[in-house]
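Student: With numbering that gives the first Met the number 0, the residue at position 106 of the sequence shown is 105, and numbering never jumps.
The beta-carbon is built from N, C-alpha and C at its ideal position, and this holds for glycine as well.
Remember, predicted model here, so these are calculated numbers, not experimental data.
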Amino acid sequence: MASEFEVSGRNTEALFTLKLHRGDGMLLLAMNWKKGEPPSDFVGFAIEYKEPNGQKFFVLRNRLGFPDVDGQVNPNQISTRLSPIQKFRWVHFPRNANSPGGFVYRVFPVFMNAQDELSYGDFQEAVIELRRETYPDVLNVAFTRGFVSSQAFVEQYQSAGDISTLLPAKAADGLNFEPSHPKAKEALDWMGFEARSAILEVLDQAIADQNAEVKVIAFDLNESEIVNRLEQLGSRLSIIIDDSKDHKEEGSSENQAEERLIVSAGAEAVKRQHMSSLQHNKIIIVDSPTIQTVVCGSTNFSWRGFFVQANNAVVLQGIDAVKVFTSAFENYWQQPKDFEDTSSAGWNDLNLPSIDARVAFSPHSSANALLQTIGDDINRHTTSCLFFSLAFLYQTKGAIRDAIEKILKDENIFVYGISDKKIGGLDLQKPDGNLAPVFPAALTKNIPKPFSAEPTGGGGTRMHHKFVVIDFDKPTARVYLGSYNFSPTADTKNGENLLLIKDRRIAVSYVVEAVRIIDHYHFRVVQQEAQDAQRTLHLKKPPRQTGEKPWWDEDYRNAQKIRDRELFA
């Protein structure tokens, strides 16, 4: 059925299997050969798709091509019918992903003979509904693009203007910065992706509903579109803004926002705090007779949060969700010094229809701390796979780091992870073992043709997610997510939100996000650190000489790649 979050092709004549995994604004295609290994003349997959109610198929394009007789590669993207994808899985962002109805995907195996002529086998076809919301009117997962360091950004936007024309140089300049890039609106829409649009939509709905009361907790607050909307709410707004370190310095955007919101909402509606370290929540609560909505997750209301970092936002609907988050807001407001003694510090059921979801807020006391219980969950209940995107794992010791180190050594569990920086102690893995956690990198040196140099998006964190997915392929699938950094400080000192959602559709969505980020950066890390970096990247032709291997050889020899191929397909 098109409404399912995982759909398989059913062509018995095709030589391979196809499985589509629904993400939010994207999907993952996974292929696997049905019987044994592919033939040596198999050179990859051609992929095409048709939009809901569409009349024609669009062919996906590949940046890599086959070398010509002189060993040169075409610098342009080429149809995958001519430059097939030499991978057993692929993440695709279709145009108009929010369109209602089923997207049709066709995948063809591509073969090459001794004369370099291409031919095609029987295709697999599957139909999947992506739709705008993960669970319409209940829960929506939304992601930022987080791809400033990418060839797509370079080609679409950097060619028309430097990144300095899109983003402010300093956070303190954020509220007064006006982009001068000729494609500013298009570029910012692309960079902010679904998370930004979902958050702005919630605020726009609140502005339009004169009966809506809005409560906000903000860590970084320097994005002008957000603050402008908060001002429009007038006295219907109550807001807590972090005042730790940089946020309380003279001239900070958070100080500027405070001054502006005191004028629009009143001094009694604006509070500054940092708990024992940080007020690190990123929360919006909208409550009216017709709208009950909560926004939470990792996305700061800032230029970097929307446009540079990889982030997620979760939009919850319903009276119970609003009650739980409102109670936490009031406890932060009224009793920040003993917040850990309130009911908000324990698990609170969100009572979402057909979704097992709960939330707990930090700081916790030693009696209700959660970090060790999450580590125990990873250790005791991960039976198939573990995916994680943890911004500060590189500098965080404790239960989660210990659990990941242990799981990485288990040859029966597939592990895929990313942190914002290289992680000492987790880097040396067996050649056929689980990959060491990846970290964001841009192509700034050792740049292979046909790629171009990429911007880094300035200093600071780029991979800002905080989520862990356990056994996405099992009925017991679950996701931990929120603003919570899975550290002792996040557990017992900061103001944070941590959600535990036991639901396969949501788990799959976060796994697709993890895969697209890790795949994107893994190549860049390898290229950046290679002593003998590849100078030209191209597709591999079938083996023609003794000792040559087909492109897919490692996928059938390397234990980690075998697990990868079989897990998704």
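Apart from the five residues on each side of it in sequence, which residues of its chain come closer than 8 Å, Cβ to Cβ, to residue 242?
Tutor: To locate residue 242, count along the sequence shown from 1; it is residue 243. Within the same chain, residue 242 has close Cβ partners 253, 271, 272, 273, 278.
Student: With distances taken from CA atoms, which of 222, 212, 210 is nearest residue 199?
Tutor: Numbered from its first residue, the sequence shown carries residue 199 at position 200. Comparing Cα-Cα distances from residue 199 to each of 222, 212, 210, the minimum goes to 222.
Student: Could you say which of 229, 116, 104 lies nearest to residue 8 if we only look at CA atoms?
Tutor: In the sequence shown, the residue the question calls residue 8 occupies position 9. Per the Cα distances, 104.
Student: Give the secondary structure of residue 65 by DSSP, where H, G and I count as helix, E and B as strand, and everything else as coil.
Tutor: Counting from 1 along the sequence shown, the entry for residue 65 is found at position 66. Here residue 65 sits in coil by DSSP.
Student: Kindly identify the DSSP beta-bridge partner or partners of residue 340.
Tutor: For the purposes of this step, residue 340 is identified with residue 341 of the sequence shown, where counting begins at 1. Per DSSP, none; premise fails for residue 340.
Student: Would you kindly work out how many angstroms separate the C-alpha atoms of residue 326 and residue 519, rounded to a whole number?
Tutor: In the sequence shown, counting from the first residue as 1, residue 326 sits at position 327. In the sequence shown, counting from the first residue as 1, residue 519 sits at position 520. Their Cα atoms are separated by approximately 40 Å.
Student: Using only alpha-carbon positions, find the residue among 497, 482, 84, 416 that is nearest to residue 359.
Tutor: Counting from 1 along the sequence shown, the entry for residue 359 is found at position 360. When 497, 482, 84, 416 are compared, the shortest CA-CA separation from residue 359 is found for 497.
Student: For residue 55, count neighbouring C-beta atoms within 10 Å of its own C-beta (all shown protein chains included) and say buried if the count is 16 or more, exposed if not.
Tutor: To locate residue 55, count along the sequence shown from 1; it is residue 56. Per the 10 Å Cβ criterion, exposed.
Student: Nearest to residue 315 by CA position, among 293, 301, 505, 333, is which residue?
Tutor: Counting from one through the sequence shown, the residue named residue 315 turns up at place 316. Closest option to residue 315, judged by alpha-carbon separation, among 293, 301, 505, 333: 293.
Student: What three-state label does DSSP hand residue 441 in the structure shown?
Tutor: The residue you call residue 441 lines up with position 442 of the sequence shown. For residue 441, the pLDDT reaches just 47, beneath the cut-off of 50, and the residue's location in the model is therefore unreliable, although a value from the coordinates is still provided. Here residue 441 sits in coil by DSSP.
Student: Starting from residue 264, follow its DSSP beta bridges and name the residues at the other end.
Tutor: Translated into positions along the sequence shown, residue 264 becomes position 265. The partner list for residue 264 (beta bridge, DSSP) is empty, contrary to what the question assumes.
Student: Go ahead and pull the three-state DSSP assignment for residue 16.
Tutor: What you label residue 16 is simply residue 17 of the sequence shown in a count that begins at 1. DSSP places residue 16 within a strand segment (E or B) once states are collapsed to three.
Student: Determine the contact status of residue 464 and residue 311, defining contact as a CB-CB distance below 8 Å.
Tutor: Here the question's residue 464 lines up with position 465 in the sequence shown. Here the question's residue 311 lines up with position 312 in the sequence shown. Yes. Within cutoff.
Student: Cβ atoms of residue 329 and residue 364: under 8 Å apart, would you say?
Tutor: Residue numbering aside, residue 364 sits at position 365 when the sequence shown is read from its first letter. Residue numbering aside, residue 329 sits at position 330 when the sequence shown is read from its first letter. No, they are not a contact pair.
Student: In this structure, how does DSSP classify residue 32 when only helix, strand and coil are distinguished?
Tutor: In the sequence shown, residue 32 corresponds to position 33, counting from 1. Residue state, collapsed to three classes: strand.
Student: Would you give the residue range spanned by the alpha helix (DSSP H) that residue 415 belongs to?
Tutor: Within the sequence shown, the letter at position 416 stands for residue 415. For residue 415, there is no enclosing alpha helix (DSSP H); the residue is part of the beta strand (DSSP E) that begins and ends at 413-417.
Student: Any idea which residues DSSP pairs residue 89 with across the strands?
Tutor: Here residue 89 is taken as the residue at index 90 of the sequence shown, counted from 1. Partner(s): 28.
Student: Figure out for me which residue from 554, 87, 508, 543 has the closest Cα to the Cα of residue 40.
Tutor: Counting from one through the sequence shown, the residue named residue 40 turns up at place 41. Nearest C-alpha to residue 40: 543.
Student: Suppose you measure from the CA of residue 185 to the CA of residue 194; what does that come to, to the nearest Å?
Tutor: Within the sequence shown, numbered from 1, the residue matching residue 185 stands at position 186. Within the sequence shown, numbered from 1, the residue matching residue 194 stands at position 195. Going by the C-alpha atoms only, they are around 15 Å apart.
Student: With which residues is residue 361 paired in a DSSP beta bridge?
Tutor: For the purposes of this step, residue 361 is taken as residue 362 along the sequence shown, with counting starting at 1. Bridge pairing for residue 361: 495 [DSSP].
Student: Does residue 262 pass the burial test, meaning 16 or more other C-beta atoms within 10 Å, or should it be called exposed?
Tutor: Taking the first residue of the sequence shown as 1, we reach residue 262 at position 263. It is exposed - the Cβ of residue 262 has fewer than 16 other Cβ atoms within 10 Å.
Student: Leaving out five residues on either side along the sequence, give the residues of the same chain with a beta carbon under 6 Å from the beta carbon of residue 476.
Tutor: Translated into the one-based positions of the sequence shown, residue 476 becomes position 477. The residues are 470, 503, 506.
Student: Quick check: the Cα distance between residue 555 and residue 295, rounded to an integer number of angstroms?
Tutor: Here residue 555 is taken as the residue at index 556 of the sequence shown, counted from 1. Here residue 295 is taken as the residue at index 296 of the sequence shown, counted from 1. Going by the C-alpha atoms only, they are around 41 Å apart.
Student: In the DSSP assignment, what are the bridge partners of residue 315?
Tutor: For the purposes of this step, residue 315 is taken as the residue at position 316 of the sequence shown. In the DSSP output, where bridge partners are listed per residue, residue 315 has 138, 293.
Student: Is residue 187 closer than 8 Å to residue 165 when the C-beta atoms are compared?
Tutor: If you number the sequence shown from 1, residue 165 lands on position 166. If you number the sequence shown from 1, residue 187 lands on position 188. A contact, by the Cβ cut-off of 8 Å.
Student: Is residue 109 near residue 78, with beta carbons less than 8 Å apart?
Tutor: Mapped onto the sequence shown, residue 109 falls at position 110. Mapped onto the sequence shown, residue 78 falls at position 79. The answer is no: Cβ separation not under 8 Å.
Student: How big is the Cα-Cα spacing for residue 63 and residue 112?
Tutor: What you label residue 63 is simply residue 64 of the sequence shown in a count that begins at 1. What you label residue 112 is simply residue 113 of the sequence shown in a count that begins at 1. Going from the Cα of residue 63 to the Cα of residue 112 covers about 19 Å.
Student: Can you tell me whether residue 481 is helix, strand or coil according to DSSP?
Tutor: Sequence index remark: in the sequence shown, residue 481 carries index 482 (1-based). Strand at residue 481.
Student: What did DSSP end up calling residue 156 once you bin it into helix, strand or coil?
Tutor: The residue labelled residue 156 in the question sits at position 157 within the sequence shown. Residue 156 falls in the coil class under three-state DSSP.
Student: In chain order, what residues of the same chain have a beta carbon less than 8 Å from the beta carbon of residue 344, not counting five sequence neighbours either side?
Tutor: For this step, residue 344 is matched to residue 345 along the sequence shown. Counting only Cβ-Cβ distances below 8 Å, and skipping sequence neighbours, we find 338, 359, 360, 361, 362, 363, 364, 367.
Student: Among all the DSSP beta bridges, which residues are the ones paired with residue 467?
Tutor: Position 468 of the sequence shown, counted from the first residue, corresponds to residue 467. Residue 467 pairs with 387, 479.
Student: Please look up how many angstroms separate the CB atoms of residue 107 and residue 24, rounded, as I've assumed it's under 8 Å.
Tutor: To locate residue 107, count along the sequence shown from 1; it is residue 108. To locate residue 24, count along the sequence shown from 1; it is residue 25. Residue 107 to residue 24, Cβ: 25 Å. No contact.
Student: Rounding to the nearest angstrom, what Cα-Cα distance links residue 202 and residue 141 in this structure?
Tutor: Position 203 of the sequence shown, counted from the first residue, corresponds to residue 202. Position 142 of the sequence shown, counted from the first residue, corresponds to residue 141. When the Cα atoms are used, residue 202 and residue 141 turn out to be separated by approximately 15 Å.
Student: Tell me, which residues are paired with residue 217 by DSSP?
Tutor: Along the sequence shown, read from residue 1 onward, the residue named residue 217 stands at position 218. Residue 217 pairs with 240.
Student: Could you give the DSSP three-state label for residue 335: helix, strand or coil?
Tutor: What you label residue 335 is simply residue 336 of the sequence shown in a count that begins at 1. In this structure, residue 335 counts as helix in the three-state DSSP scheme.
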